[in-house]
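Here's the structure we're looking at; comments come further down.
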Amino acid sequence: MILKRFKLFFVILPLCFLPVAALHAQDLPLRVDAAGFPFARNSALGGAHTGLDGDFSSIFTNPAALAGAKPQKNYVELAFDVIDVDLIYRLMTTDNPLPEFSALLVDRFEASLDVGGPFALGEVKNGLGFGVFNVSKLKVVWDRDQIYMVSPTLTEEFTLAGAYGLRLYEGEDFNFDAGITAKVFLRAGYRSPPIYLQQVKYILQDLMDMPFETQLGAGVDIGFRWTLYESVSFAAVVYDPFSPVWVIQYSTMEKIAEQEMIVNGTIPVSTRASAGVSWKMKSPFWHRYFSDITLSFDYLGLLENMSENPRDPLLNISAGCEIRILEALSLRAGFKDMLPSGGIGLNFTFMNIDLSFYGTELGVHPNQYVTWAAAANISFRN
Numbered sequence: 001m002i003l004k005r006f007k008l009f010f011v012i013l014p015l016c017f018l019p020v021a022a023l024h025a026q027d028l029p030l031r032v033d034a035a036g037f038p039f040a041r042n043s044a045l046g047g048a049h050t051g052l053d054g055d056f057s058s059i060f061t062n063p064a065a066l067a068g069a070k071p072q073k074n075y076v077e078l079a080f081d082v083i084d085v086d087l088i089y090r091l092m093t094t095d096n097p098l099p100e101f102s103a104l105l106v107d108r109f110e111a112s113l114d115v116g117g118p119f120a121l122g123e124v125k126n127g128l129g130f131g132v133f134n135v136s137k138l139k140v141v142w143d144r145d146q147i148y149m150v151s152p153t154l155t156e157e158f159t160l161a162g163a164y165g166l167r168l169y170e171g172e173d174f175n176f177d178a179g180i181t182a183k184v185f186l187r188a189g190y191r192s193p194p195i196y197l198q199q200v201k202y203i204l205q206d207l208m209d210m211p212f213e214t215q216l217g218a219g220v221d222i223g224f225r226w227t228l229y230e231s232v233s234f235a236a237v238v239y240d241p242f243s244p245v246w247v248i249q250y251s252t253m254e255k256i257a258e259q260e261m262i263v264n265g266t267i268p269v270s271t272r273a274s275a276g277v278s279w280k281m282k283s284p285f286w287h288r289y290f291s292d293i294t295l296s297f298d299y300l301g302l303l304e305n306m307s308e309n310p311r312d313p314l315l316n317i318s319a320g321c322e323i324r325i326l327e328a329l330s331l332r333a334g335f336k337d338m339l340p341s342g343g344i345g346l347n348f349t350f351m352n353i354d355l356s357f358y359g360t361e362l363g364v365h366p367n368q369y370v371t372w373a374a375a376a377n378i379s380f381r382n
């Protein structure tokens, strides 16, 4: 299945982005999702904290942290991030899906399944980091304004990302680092218009008749990190200040070879910015029992007021705590979207396992559309 999926994308890639006459873009999405990869450690800690020490995930989190990161190679990684996927299963197996949604007693609901890997191949060394990633995404969105309709999405995403962290100043008491990440991604799949609930169980059979969409994008992230006494780090990151994405929609996937398009156009990824502080507690007393204790606090929505429908400021608060025991076991807890999160990490030297369970707010106000999610990562690295 992996080989077939990989071949499919290499077949359609040259055909999807041939020069063509520009079409009207009024039917394109208002925004395009940023490229990324699901990391269970981040979701357990209440989010991707900008001040944490550098590792493989810093390519997406804060490239400045790579300036002091230890060398690391990542060979293969499997990641699963599930937001109420049980609802998707019930929809596809029942003859009357409406009661499944009505029982939720909400105005809007979203269920999704993100499967990352097996491509998460890369290395961090001497301030440099690079990686090749793939993520498969399935999402179902339901809204009471269209009570008998549901909007499914099924996409595959490949990302090539490279990052560089540079130490601008190194003193006895503090260091100051800056970093930049450059990325290119291809996303392709089915972004269906709303369909009747009764059709959901036949969605896999009807895919070939649904509109097919391709997205080819590039972008940069810019980060900074100021570390005092190798203990307290203040950091800030601007994500996608310039990330144009060329989006093309076809009536069906079979029309790619004929270049029969419905619409195309260039859409930017929404610019985001975060800032935070992390404190790695240095104490002879603590080190008798724990390898490390790290506390982190971030504000994720520095540019939230620029969006058309900004979230409540309280939802952008993120906090997390990680305790490592004997370098092998990590206990994690966090707070994000005004909801708790938690998880564990197991380090077997050649293999890492990370598990998390967390709450997520799908609305723009606290306790508006709350649901619960779980994530797991299995990575092979040294």
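Start counting the sequence shown at 1; every next residue gets the next number (my numbering). For every residue, glycine included, the Cβ atom is placed at its ideal position computed from N, Cα and C.
- Relative to the Cα of Leu160, the nearest Cα in the group Asn134, Leu166, Lys139 belongs to Asn134.
- Distance from Ala319 to Gly46 at the Cβ level is roughly 6 Å; contact confirmed, criterion being Cβ atoms closer than 8 Å.
- Relative to Ile293, the option among Gly165, Val232, Thr181 whose CA is nearest is Val232.
- Taking 8 Å as the cut-off, the Cβ atoms of Glu77 and Ile344 do not count as close.
- Annotation for Leu346: Ile353 place their beta carbon closer than 6 Å to its own, counting only its chain and skipping 5 residues before and after.
- The region 276-283 and the region 240-260 do not touch, with fewer than 3 CB-CB distances between them shorter than 8 Å.
- The three-state reading of DSSP puts Glu304 in helix, counting H, G and I together.
- Taking a C-beta distance under 8 Å as the contact criterion, Val150 and Ile195 qualify as a contact pair.
- DSSP places Ile323 inside the beta strand (DSSP E), whose first and last residues are 317-325.
- By the Cβ-count criterion, Asn367 is exposed, with fewer than 16 other Cβ atoms from all chains shown falling within 10 Å of its own Cβ.
- When C-alpha distances from Tyr229 are compared across Pro211, Glu170, Thr181, the shortest belongs to Glu170.
- In this structure, Ala35 sits away from Gly162, with a CB-CB distance that is not shorter than 8 Å.
- In the structure shown, Phe119 adopts extended strand secondary structure according to DSSP, grouped into three states.
- In the three-state reduction of the DSSP assignment, Ile180 falls in the strand class.
- At the C-beta level, Ala333 and Gly342 come within 8 Å of one another.
- Gly122 and Glu110 have their C-alpha atoms roughly 32 Å apart.
- For Phe224, the CB contacts under 6 Å within the same chain, skipping 5 residues up- and downstream, are Ala64, Ala178, Ala236 in chain order.
- In this structure, DSSP gives Leu314 a helical state, which the three-state scheme calls helix.
- Considering only Tyr164, Thr214, Leu168, Glu172, the residue with the shortest C-alpha distance to Thr153 is Thr214.
- Shown here, Ser231 sits in coil according to DSSP, grouped into three states, outside any helix or strand.
- Closest option to Leu314, judged by alpha-carbon separation, among Val364, Pro244, Phe357, Glu157: Val364.
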